[in-house]
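J.:
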Amino acid sequence: MNLWLKIEKIINNILGTFFALLGSFIKKLTPSKIKTTIRESKKVASNTKSNLRGQLDKTKEKANKLAHNSTKLAKQKIEQASQKARKAKSFDWKSIDLKKIGVILLALFGPRLLKLKMWYLSLKPMTVVSFIVAGAATSLTGITVYTQSKSIVEKTTEAERIPASVISKYVQKRGGDLHLIDQRSLRLGNVQMPVYVESQKHLNTLIMDFTIISSNRYIREYFFDMNNETLLRDRLSSTVQPFLTDFSLEEEGKTIIKNKIKKEVNALIKDLQIKGEVEDVYIHSLLAN
């Protein structure tokens, strides 16, 4: 075993000597220009590495300094805000001289008020009367619109649910299954219907919330989809146009609207070739626009 170790050691020595001689031989054969270029390249690489480390150290130092300054500035801002809050809390508001404030305000706005007064005095009497009449007309118009809208809402607002009498009727009709009404009913809100009323010509749109009860669940499921609901809304807003000489939003007027909605929805169901029909319509609220 020791013999093999000795042989391996001798071979390693021979190889080491051989490669050393080979390196020396190649070095002697290499031109001096190439040697110089290699040395300069190593020097440039070393300098570049040193410069890069220096730049990284400077960048790191700047970042740390910036973070430190930002933290310091933030603390200063917080402290300043706290001081202002403490001063405001401890300030004696009773010490404010209202007379001085009044004098300052008068000095600021006095010239403008004087100009306004001179302009008003320079107006002709007919101009002043015209302004007064226009203002009164505008106020009366606003009051009239508000009063009529309030009256319509008060007269037409119903309960937010289907009346108990209606539920009772359908429970009896459908064999006592109360849940069937929910499965066949669809509520629509903010539906716009064009309307013309000769007695109230400024009312050209009714905004309604109502529930339709269909003869089967499929109609409800079909129009429950947003895209199909849009078809229903478009149908009502483009085709329902009652022209009435004296339109009432009491029971008579609501009956007319119910019949119109029922007629148009059933016509749409027929056009879409859907089985079934709308059996009833219940209006929850009406708002004139």
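For the sequence shown, our numbering begins at 1 and goes up steadily by one.
Glycine included, each C-beta is placed from N, C-alpha and C at the ideal position.
The model shown is predicted, which means the values in this text are computed figures rather than measured ones.
With a threshold of 8 Å between beta carbons, is L105 in contact with chain C?
T.: Going by chain labels, chain C is absent from the structure shown, which holds only one protein chain.
J.: How many whole angstroms separate the CB atoms of L186 and I212, which I take to be in contact at a CB cut-off of 8 Å?
T.: Correct: roughly 5 Å between the Cβ atoms.
J.: Exposed or buried, what is I257 when buried is set at 16 or more other beta-carbons lying within 10 Å of its beta-carbon?
T.: So I257 counts as buried.
J.: I207 bridges to which residues according to DSSP?
T.: DSSP output for I207 lists Q192 and L287 as bridge partner(s).
J.: So, with DSSP's three-state summary, where would you put S185?
T.: If DSSP states are grouped into helix, strand and coil, S185 belongs with the strands.
J.: For a quick check, are the C-beta atoms of E279 and S237 less than 8 Å apart?
T.: No, they are not a contact pair.
J.: Are the Cβ atoms of Q273 and R217 separated by less than 8 Å?
T.: Not closer than 8 Å, so no.
J.: Answer yes or no: do I219 and G276 have a C-beta to C-beta separation smaller than 8 Å?
T.: Closer than 8 Å, so yes.
J.: How many whole angstroms separate the CB atoms of R233 and V191, which I take to be in contact at a CB cut-off of 8 Å?
T.: The pair is a contact, with the Cβ atoms about 6 Å apart (cut-off 8 Å).
J.: Straight-line CA distance for L15 to E8?
T.: Distance between the alpha carbons of L15 and E8: 11 Å.
J.: Quick one: what does DSSP say I212 is sitting in, helix, strand or coil?
T.: In the structure shown, I212 sits in a strand (DSSP, three-state: E or B).
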